[in-house]
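**Q** I am attaching a structure below and will ask some questions about it afterwards.
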């Protein structure tokens with residue numbers, strides 16, 4: 001990778017002044033917090049370089065240096081061996097520069113609150129929600145005085161050209177309607193809608209369009225924020241990131257993806273099916289081009305079969321017609337606006353939605369945890385959704401994540417305890433993904449799990 | 001064409017308040033000025049619809065009504081049967097709305113100055129230049145207090161996907177370098193660079209990127225401004241439009257096109273080769289993707305053969321590498337900046353360039369005028385360039401424009417009086433365009449001209 | 001007067017780019033237009049220095065030099081021997097700098113339109129109105145998209161401390177209500193309301209308050225615009241300036257002044273009493289502190305006696321209570337807004353008001369012209385108002401203006417032909433002004449006019 | 001006091017969105033925090049009403065109600081019985097409205113940090129400084145990216161017309177030089193400079209002038225922020241407020257005041273005379289009109305006599321000439337800028353200045369504490385300054401503050417233990433103040449203290 005020996009940047013707007021205390025909290029070079037920042041900084045600078053290969057990233061990281069230097073008007077970052085792709089004519093691309101300072105801001109803020117005992121209360125549901133809100137607010141991502149118009153787009157980051165162009169067209173139509181975009185800030189279905197929206201906003205002469213990236217330290221290296229992102233927030237972990245998506249957005253569009261996308265859908269349905277949430281308006285659209293209609297056909301069948309017909313009331317499937325997707329989302333958001341106005345609920349943050357603790361707390365994909373899941377209909381649909389999400393989370397890990405693969409290698413396939421029908425459904429869905437080329441595979445697909453029929457009489 | 005029965009729009013910013021006098025000058029419905037505005041208004045609204053077919057446009061025009069209504073805070077336009085494509089959810093796309101009022105502004109201004117005897121002096125060179133400046137200034141397209149960074153892009157409007165994507169990539173790289181784009185505001189090579197620049201500016205967090213459209217009433221119907229255009233100016237005729245391109249820009253990139261593009265290149269070279277202009281820095285790049293390298297190879301050979309080796313110092317040919325195109329233009333503009341600073345010349349308008357009257361005044365493609373051209377080397381290269389431009393202008397007309405075709409039908413092919421070599425060069429070039437599919441043809445290509453060997457001894 | 005040997009300034013925003021033509025039109029140093037600009041420029045720079053003494057100004061003018069220098073980003077002014085009071089730490093006060101370029105802008109514009117035969121039509125009423133509109137629009141003083149809120153304040157420029165503080169308090173209350181101020185831009189009753197409004201706007205956190213100065217070349221030297229003025233327009237003569245006041249404002253407050261103020265009041269009443277204008281809402285308030293109640297008592301009696309009771313419906317007299325003045329004006333402007341909205345009349349410029357030609361054309365104070373006035377009740381009230389205005393205009397001239405004094409010295413007092421009662425009224429009013437110390441006198445007051453009883457039977 | 005029965009306001013910009021947690025933290029009506037906010041809110045609304053009389057304020061407070069109501073776009077305040085003076089035409093003055101939300105913001109922020117154990121560390125010097133910084137930053141009063149230009153003005157709030165006008169003139173000259181003003185935000189010497197600066201900024205067309213008010217809950221009721229204040233921050237107590245003054249400012253001007261002003265001067269000199277601080281540039285000017293030259297003559301003599309000649313190097317005394325005051329401050333700030341640039345010190349917050357703990361921690365004016373002061377030269381000058389400040393603080397309290405007066409009534413005069421000379425100096429200074437009418441007295445002046453000659457040999 002081509003790098004730039006030496007460069008310096010100064011923040012423009014996204015960074016408030018830091019106290020000496022706060023700078024000290026990050027700058028100790030051996031400190032975890034500093035290393036976290038260094039990793040995120042490189043990830044941000046690495047945009048556009050494919051980094052599925054961690055070893056490449058690791059090599060770059062070893063050579064990469066960054067220093068925080070106090071200055072009269074604020075601070076300066078001195079950087080060694082940054083990827084050349086982050087620069088044009090030896091000047092850092094402004095969008096990337098801002099991400100760098102956003103990363104610093106969020107890490108300083110979160111570190112400051114976490115390091116000093118008890119400031120963030122991660123042991124209670126309201127405490128976690130409060131932290132998600134305050135990190136987002138500090139990042140300027142919670143906006144007062146604007147009407148609802150933030151659409152979250154989910155979907156795969158390695159998608160076909162057709163799917164990419166489709167996501168872009170949907171983004172364009174959303175932009176034409178004045179809607180803004182938030183994504184996980186990688187490529188594919190996350191980049192397409194933003195680029196489309198930029199053009200749509202341009203045609204509407206909207207100069208303050210929002211392209212929000214919501215990330216977390218574990219994922220940012222593999223999904224570097226595209227410089228189009230003009231608001232970036234880094235939450236401390238994946239569960240808080242998911243909660244930020246759900247509470248900041250006024251509607252969600254899901255594009256085709258892989259098992260990870262299925263996991264996100266199960267997370268969201270599990271929440272929307274909670275008693276108390278079911279009557280809250282929450283526009284959710286599954287959208288795919290004609291050529292990819294199979295993806296949602298399979299997912300829809302799976303959902304219906306496992307969570308029941310009732311789940312279907314929470315989403316709409318649209319095949320083709322980006323215009324129809326945008327119109328439907330626009331109408332959905334109008335009903336969100338009416339609801340929040342009527343009930344005096346904030347436009348900027350969805351406080352109303354109840355998110356149970358088991359969706360807020362991380363799930364570790366171990367054999368023991370997997371064995372504890374109850375994949376049967378003896379429990380409520382939303383509880384089953386929670387366990388299904390965990391199962392998919394582990395399957396993703398067992399297939400592609402270093403620690404998950406190691407776990408499976410050592411102890412054999414995960415043992416899923418569930419009834420036969422649900423097991424068959426999972427199998428069907430995943431084999432469909434394999435057929436559609438949505439699973440990253442080396443050679444033959446070998447499932448990393450086995451289903452053990454459980455005694456459902458208990 | 002789907003239309004909207006009834007709609008009203010109000011100007012936002014691009015229209016100054018009109019005096020009653022000025023409104024009266026346009027609103028008389030039988031008046032030429034009003035009909036001109038009505039035609040331009042429909043053209044602006046018609047964006048995205050292919051209108052090479054004039055009869056479709058004519059039918060739309062018959063049904064189309066527009067009225068200027070004075071209001072307390074400014075004026076209002078009442079519109080009947082506007083193309084539905086100009087609207088999203090029954091609201092006019094903001095970019096289009098602004099074009100509508102830009103058209104009104106320029107027509108009011110030009111009409112006002114022209115209708116009242118002697119205000120614009122179109123009979124002298126400085127008078128024409130003054131008018132071009134003042135119309136542009138009134139349109140807000142001449143910007144004080146900015147450094148040079150406006151790049152004009154020329155090229156065909158019906159180009160291949162590869163050429164379109166290439167132009168877009170060049171625009172993206174220009175945008176990344178903070179450069180702005182001006183074009184003739186149609187599709188193809190005119191739309192591509194703008195869309196690319198929007199994304200490039202987005203990455204640099206540039207919110208005041210300029211996408212300038214420079215048009216004239218005769219061309220606007222077939223080249224509706226793309227809504228991305230955020231500054232539109234309508235000059236009164238094609239020659240003033242060409243002068244506006246040349247004086248407003250700080251550099252020009254030519255993409256592949258047809259005979260029309262060749263004509264523009266000859267116009268520009270004719271000016272740059274004028275004694276007095278030859279030492280002025282004026283970055284001019286011919287840029288094409290690898291697949292279209294032939295276009296400029298042919299054009300370059302033709303130029304060299306007719307105008308001589310000396311012409312080549314005025315342009316650079318780059319094949320592929322959008323990055324290299326942008327870097328070269330960036331450097332060229334740096335030298336323009338240095339030159340203007342040193343000589344206390346305006347950044348905003350190139351007053352220095354001498355444009356001879358025969359480039360400022362329109363050429364009518366008649367047999368008599370064509371017979372009068374001297375296509376031989378007995379005259380200076382820049383004078384030959386002027387006559388070659390006229391020849392190409394007539395050839396374009398004889399091939400595709402209604403009046404030109406009629407003329408040829410009635411009187412037979414134009415008789416070009418020139419020496420044999422130049423005639424062969426013209427023939428070669430045009431046959432090359434035919435082979436590359438760049439000439440709009442019905443059936444076999446039949447040249448609309450014949451070369452008569454002239455007595456070059458005179 | 002302390003001066004600065006050498007200094008240069010560049011325009012910030014108020015000056016559009018000039019064409020070479022336009023610069024040439026002003027820069028010829030022997031040209032009337034250039035001398036006009038030079039005089040205005042010194043006047044603008046001279047703010048704060050008392051210049052009732054013309055000889056001081058003349059001496060300063062002789063030493064003062066100014067040059068317009070073209071530059072890459074616009075133009076530059078090189079200045080020699082500017083008054084030191086226009087500078088702080090050797091940098092020109094920004095407000096003054098902007099006035100300098102405003103003066104240049106208006107003189108260039110007006111010169112350009114006038115010098116080229118027929119552009120402004122000063123021979124017809126609508127032509128004059130059109131010119132007033134276009135000069136104001138070019139100066140940015142006609143604002144689109146704002147609701148009515150511009151209050152013109154008239155009154156003496158040499159007033160007592162109490163009257164000054166009162167005018168300031170009124171301005172403060174107007175500012176608190178979000179209203180803006182326009183004046184003739186000198187000191188006294190013209191400066192007070194602006195300074196008050198600045199504080200009022202500050203308390204309302206209004207950052208775009210307007211402080212409009214409306215001047216003309218003949219008066220600007222003696223009434224230099226206060227730097228608080230952030231919009232300055234220079235009309236070509238006094239009548240166009242008065243028309244600009246009346247058409248740009250949404251209401252007028254008159255503070256105590258001298259004979260000149262009486263003249264302005266007669267001008268306005270003459271217009272408001274025109275048939276056709278009488279039903280148009282036009283808030284007009286005569287406001288004085290308790291201590292100066294006499295001024296309007298006398299003026300009111302005079303008006304009632306000469307123009308009749310009907311004149312009284314056009315104004316309201318308020319003594320004391322700045323708050324009441326502001327509230328009354330606020331309500332008056334509300335009815336202006338309602339009226340204009342209902343009748344689709346522009347908020348920005350009062351096109352509706354009919355101003356007869358005899359109010360638009362200048363009156364020369366000669367014995368012949370004075371003898372021709374008909375100061376009797378045989379004519380309509382508004383025609384009488386017009387002649388009374390002329391009489392006061394001449395009396396002001398005969399008392400204080402160089403040419404008027406010379407005229408009287410040479411030919412004896414003006415002969416006013418009027419009926420006895422009206423003559424007595426005039427005498428009464430003026431003697432009252434003398435008693436109140438409102439007439440600039442050297443020694444004993446000797447009237448510069450005599451009343452000749454006319455044959456009113458004609 | 002006239003009040004408005006019922007009114008509602010919504011924040012514009014100064015309030016970020018609150019979390020439910022934060023709203024809950026304030027809205028419990030019996031809570032101390034809520035009562036604190038209610039008191040501050042009334043004080044803010046009470047601007048312009050003289051409230052030296054606490055009983056009037058108390059009566060108003062009993063009737064006053066305020067409720068925080070969550071709304072879709074933020075929050076709303078419902079208010080009952082607000083002082084009518086805060087409104088114009090039944091709409092709250094915008095400046096006051098913003099102060100209301102500033103008060104809420106600061107109280108929420110400080111409460112949140114303080115209530116949750118350990119967030120602010122008030123037990124260490126750096127901890128207190130960190131808290132002062134963070135409260136100020138959260139209030140937006142610490143500005144990044146601006147060069148040093150904030151001048152703090154201190155002085156009496158009940159001053160003569162001449163002193164008020166003088167302070168205003170100084171403010172005007174500071175404003176003309178682009179400098180901004182911070183004060184304790186009451187009337188008199190705190191209001192004058194702001195009003196002057198508003199006019200000065202107006203002349204320089206500066207639209208982003210800063211008028212910073214720095215207050216604390218104990219003082220805000222008697223010194224309501226003038227609505228001109230466009231940035232308000234409320235620190236938790238008087239010591240943190242003083243530290244905010246010193247660390248945020250780039251220079252301080254002291255106008256004549258009473259014993260309180262003397263106390264502030266002693267605070268500042270005590271800090272500036274600390275070893276380590278003495279070489280830091282810190283422009284400090286004592287400025288008075290000719291008529292009040294005595295005030296600083298007396299103070300200067302006292303300082304010199306008690307703290308020694310060395311103290312004099314830290315301040316400059318200017319009598320008259322507002323222009324000279326502004327020029328001297330301007331130059332002083334230039335050297336501050338140079339110093340901070342050279343040493344890479346923040347422009348926005350003076351981290352460098354060492355403030356000893358005994359200046360950061362509150363002093364309670366009890367007989368015991370007073371007896372403990374060492375008013376003799378056995379200690380260093382800066383330590384003596386600290387004890388002198390405490391003595392003056394207690395004298396102010398014993399003279400005018402409710403609890404101080406009660407204390408003296410109960411236990412008799414405070415016993416000041418000091419050497420004879422210093423005791424005489426204090427006496428002299430205070431009697432001078434009495435002679436100048438600077439002490440609020442009922443009848444004869446009876447000192448609330450006695451000097452007991454201490455055994456200095458210890």
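Chains as they are written, first to last, in UniProt numbering: chain A, 1 to 458; chain B, 1 to 458; chain C, 1 to 458; chain D, 1 to 458.
Using N, Cα and C, we set each Cβ at its ideal position, and we do this for glycine too.
Here the structure is a predicted model, which means the values were calculated and not measured.
Mind listing which residues of the stretch 91-115 of chain D have their C-beta closer than 7 Å to chain C's C-betas, in chain order?
**A** Cβ contacts with chain C come from 93, 94, 95, 98.
**Q** Near residue 183 of chain A, what residues of its chain come up, given a Cβ to Cβ distance below 6 Å and the 5 sequence neighbours on each side ignored?
**A** For residue 183 of chain A, where only same-chain residues beyond five positions count, the Cβ hits under 6 Å are 153, 190.
**Q** Please name the residue in A:335, A:353, A:213, A:339 whose C-alpha comes closest to that of residue 271 of chain A.
**A** Of the candidates A:335, A:353, A:213, A:339, the one whose C-alpha sits nearest the C-alpha of residue 271 of chain A is A:353.
**Q** Spell out the partners DSSP gives residue 316 of chain D in its beta bridges.
**A** Answer by DSSP bridge pairing, in chain order: D:285.
**Q** Does the distance from the CB of residue 329 of chain A to the CB of residue 251 of chain A come in under 7 Å?
**A** Yes, the Cβ-Cβ distance between residue 329 of chain A and residue 251 of chain A is below 7 Å.
**Q** Let me make sure I understand the geometry here. Which of B:195, B:204, B:297 has the alpha-carbon closest to that of residue 227 of chain B?
**A** When only C-alpha atoms are compared, the closest one is B:195.
**Q** Looking only at C-alpha atoms, which of B:209, B:241, B:55, B:205 sits nearest to residue 215 of chain B?
**A** That would be B:241, whose Cα lies nearest to the Cα of residue 215 of chain B.
**Q** Pairing CB atoms from the stretch 23-30 of chain A with CB atoms from the stretch 92-100 of chain A, are three or more of them under 8 Å?
**A** Judged by Cβ distances under 8 Å, the stretch 23-30 of chain A makes no contact with the stretch 92-100 of chain A, as fewer than three pairs qualify.
**Q** Given this structure, state the Cα-to-Cα distance separating residue 287 of chain C from residue 295 of chain C, to the nearest angstrom.
**A** Going by the C-alpha atoms only, they are around 10 Å apart.
**Q** Note down the Cα distance separating residue 122 of chain B from residue 131 of chain B, rounded to an integer number of angstroms.
**A** So the alpha carbons of these two residues sit roughly 8 Å apart.
**Q** I'd like to know whether the C-beta atoms of residue 396 of chain D and residue 176 of chain C end up nearer to each other than 7 Å.
**A** No; because the gap between Cβ atoms is not below 7 Å, this pair is not in contact.
**Q** Skipping 5 residues on each side, what residues in its chain have a beta carbon closer than 6 Å to that of residue 187 of chain D?
**A** For residue 187 of chain D, where only same-chain residues beyond five positions count, the Cβ hits under 6 Å are 157.
**Q** Is the distance from the Cβ of residue 17 of chain B to the Cβ of residue 170 of chain C below 7 Å?
**A** Contact flag unset, no.
**Q** Between residue 245 of chain B and residue 200 of chain B, which are expected to be in contact by the criterion C-beta below 8 Å, what is the C-beta distance as a whole number of angstroms?
**A** Not quite, the Cβ-Cβ distance comes to about 22 Å (not below 8 Å), so this is no contact.
**Q** Compile a chain-ordered list of the residues in the stretch 62-87 of chain C whose CB is closer than 9 Å to at least one CB of chain B.
**A** Under the 9 Å Cβ criterion, the stretch 62-87 of chain C contributes 69, 70, 71, 72, 73, 74.
**Q** Pairing CB atoms from the stretch 134-151 of chain B with CB atoms from the stretch 261-270 of chain B, are three or more of them under 8 Å?
**A** Not touching, per the Cβ criterion.
**Q** At 8 Å on the CB atoms, spell out the chain A contacts of residue 177 of chain B, in chain order.
**A** The contacting residues are 88, 89.
**Q** Check for me: the beta strand (DSSP E) holding residue 231 of chain D runs from which residue to which?
**A** Residue 231 of chain D -> beta strand (DSSP E) spans 231-234.
**Q** Helix, strand or coil for residue 155 of chain D per DSSP?
**A** It is coil, neither helix nor strand.
**Q** In this structure, how does DSSP classify residue 133 of chain B when only helix, strand and coil are distinguished?
**A** If DSSP states are grouped into helix, strand and coil, residue 133 of chain B belongs with the helices.
**Q** Under a three-way DSSP split, which group does residue 6 of chain D fall into?
**A** In this structure, residue 6 of chain D counts as strand in the three-state DSSP scheme.
**Q** How about residue 392 of chain D and residue 263 of chain D: are their beta carbons less than 7 Å apart?
**A** Yes, the pair counts as a contact, with Cβ atoms nearer than the cut-off.
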